[in-house]
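Chains as they are written, first to last, in our numbering: chain A, 87 to 200; chain B, 3 to 115.
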């Protein structure tokens with residue numbers, strides 16, 4: 087079985103540009119969450135989507151947006167990139183949004199803003 | 003403020019030795035506590051999930067404990083192997099509709115031969 091897949095694995099962008107990151111959840115999983123992990127820190131929650139609807143949003147500026155498609159894959163968009171947006175972006179999928187539901191993480195997309 | 007703090011920040015042990023990692027949290031309302039293993043540049047992989055009613059949970063050579071009264075957890079690794087070298091992250095899930103995961107900064111474990 088394929089796990090959570092993210093693309094691209096690495097990305098270099100210039101300040102002010104826009105970026106789109108993609109995530110395909112495990113087959114059958116309907117919930118996708120996005121996290122930002124700055125070097126040396128734990129991941130920070132950005133968004134959660136379930137059944138194509140936003141279910142949660144972390145403390146991130148409006149430059150960050152996301153959506154979930156009918157096949158449950160998801161995209162994270164970041165506009166007007168700043169140097170501080172450089173991080174590992176992780177996607178996690180779950181079958182549903184229950185409290186004790188396991189979250190399965192992808193390998194992440196390493197974004198570098200120069 | 004909802005926080006998860008881990009100690010030590012880093013740890014070096016010899017192969018075959020045991021070690022214990024600590025986690026303190028101030029997250030409320032609490033739903034469950036998880037330990038993840040994260041290899042460098044990779045996504046976290048779940049080791050255990052414990053609700054407030056569970057005191058101990060094991061997964062092979064990994065044993066996690068939870069004291070919901072003192073809001074402390076530990077992860078004990080027995081007979082360490084070189085492949086245990088990774089960051090170990092303590093994560094607390096909040097209850098409620100959003101159910102955010104609050105991550106600690108992790109303990110970086112290095113197992114030396």
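Ideal placement from N, C-alpha and C gives every residue a C-beta, glycine not left out. Here the structure is a predicted model, which means the values were calculated and not measured.
Q. With burial defined as no fewer than 16 other Cβ atoms inside 10 Å of the residue's Cβ, what is the status of residue 98 of chain A: buried or exposed?
A. Counted from its first residue, the first chain places residue 98 of chain A at position 12. By the neighbour-count criterion, in which a residue is buried when 16 or more other Cβ atoms sit within 10 angstroms of its Cβ, residue 98 of chain A is exposed.
Q. The beta strand (DSSP E) with residue 131 of chain A in it runs from where to where?
A. For the purposes of this step, residue 131 of chain A is identified with residue 45 of the first chain, where counting begins at 1. Unbroken beta strand (DSSP E) run through residue 131 of chain A: 130 to 136.
Q: Run through the stretch 28 to 79 of chain B for me and flag every whole beta strand (DSSP E) of 3 or more residues, listed as ranges in chain order.
A: Complete beta strand (DSSP E) runs here, min 3: 32 to 40, 47 to 53, 58 to 61, 64 to 69, 74 to 79.
Q: Report the three-state DSSP secondary structure of residue 84 of chain B (helix, strand or coil).
A: Working through the second chain from its first residue, we reach residue 84 of chain B at position 82. Correct three-state label for residue 84 of chain B: helix.
Q.
In this structure, how does DSSP classify residue 111 of chain B when only helix, strand and coil are distinguished?
A. To locate residue 111 of chain B, count along the second chain from 1; it is residue 109. DSSP places residue 111 of chain B within a strand segment (E or B) once states are collapsed to three.
(Q) Cutting at 6 Å between CB atoms, please list the residues of its own chain near residue 119 of chain A, excluding the five before and the five after it. (A) Sequence index remark: in the first chain, residue 119 of chain A carries index 33 (1-based). Setting aside the 5 residues that flank it on each side, residue 119 of chain A is surrounded in the same chain by 134, 178, each with a C-beta closer than 6 Å to its C-beta; the list follows chain order.
**Q.** Cutoff 6 Å; reference residue 23 of chain B; Cβ partners in own chain excluding five residues on either side
**A.** In the second chain, counting from the first residue as 1, residue 23 of chain B sits at position 21. The residues are 77, 90, 109.
Q) Looking at C-beta atoms only, is the number of pairs between the stretch 10 to 21 of chain B and the stretch 164 to 176 of chain A that lie closer than 8 Å three or more? A) Judged by Cβ distances under 8 Å, the stretch 10 to 21 of chain B makes no contact with the stretch 164 to 176 of chain A, as fewer than three pairs qualify.
Q) Roughly how many whole angstroms lie between the Cα atoms of residue 161 of chain A and residue 194 of chain A? A) Stepping through the first chain from its first residue, residue 161 of chain A is reached at position 75. Stepping through the first chain from its first residue, residue 194 of chain A is reached at position 108. Residue 161 of chain A and residue 194 of chain A have their C-alpha atoms roughly 13 Å apart.
Q) Taking only beta-carbon atoms, is residue 122 of chain A less than 8 Å away from chain B? A) Reading the first chain from its first residue, position 36 is the one you call residue 122 of chain A. By this cut-off, residue 122 of chain A is not an interface position.
(Q) For residue 148 of chain A and residue 92 of chain A, what's the separation of their Cα atoms in angstroms? (A) What you label residue 148 of chain A is simply residue 62 of the first chain in a count that begins at 1. What you label residue 92 of chain A is simply residue 6 of the first chain in a count that begins at 1. Rounded to the nearest angstrom, the gap between the Cα atoms of residue 148 of chain A and residue 92 of chain A is 22 Å.
Q: Classify residue 126 of chain A as helix, strand or coil using the three-state DSSP reduction.
A: As a first step, residue 126 of chain A must be located in the first chain, where it is residue number 40. Reduced to three states, the DSSP call for residue 126 of chain A is coil.
Q) Given that a residue counts as buried once 16 or more other Cβ atoms are within 10 Å of its Cβ, and exposed if not, what is residue 106 of chain B? A) Counting from 1 along the second chain, the entry for residue 106 of chain B is found at position 104. Looking at its Cβ environment, which holds 16 or more other Cβ atoms inside 10 Å, residue 106 of chain B is buried.
Q: Please classify residue 8 of chain B: is it buried, with 16 or more other beta-carbons within 10 angstroms of its beta-carbon, or exposed?
A: By one-based count along the second chain, residue 8 of chain B stands at place 6. Residue 8 of chain B is classed as buried because its beta carbon has at least 16 other beta carbons within 10 Å across all chains shown.
Q | residue 84 of chain B versus residue 129 of chain A: straight-line alpha-carbon distance, rounded | A | Here residue 84 of chain B refers to the residue found at position 82 of the second chain. Here residue 129 of chain A refers to the residue found at position 43 of the first chain. In a straight line, the C-alpha of residue 84 of chain B is about 25 Å away from that of residue 129 of chain A.
Q | Residue-level contact to chain A via CB, residue 177 of chain B, 8 Å cutoff | A | There is simply no residue 177 of chain B to check, as chain B begins at 3 and stops at 115 in what is shown.
Q. Using the beta-carbon of each residue, which ones in chain A are nearer than 9 Å to residue 105 of chain B?
A. Residue numbering aside, residue 105 of chain B sits at position 103 when the second chain is read from its first letter. The answer, in chain order, is 121, 123, 127, 128, 129, 130, 131.
**Q.** C-alpha gap between residue 11 of chain B and residue 38 of chain B, whole angstroms
**A.** On the second chain, residue 11 of chain B is found 9 positions in, with the first residue counted as 1. On the second chain, residue 38 of chain B is found 36 positions in, with the first residue counted as 1. Each residue's alpha carbon lies about 15 Å from the other.
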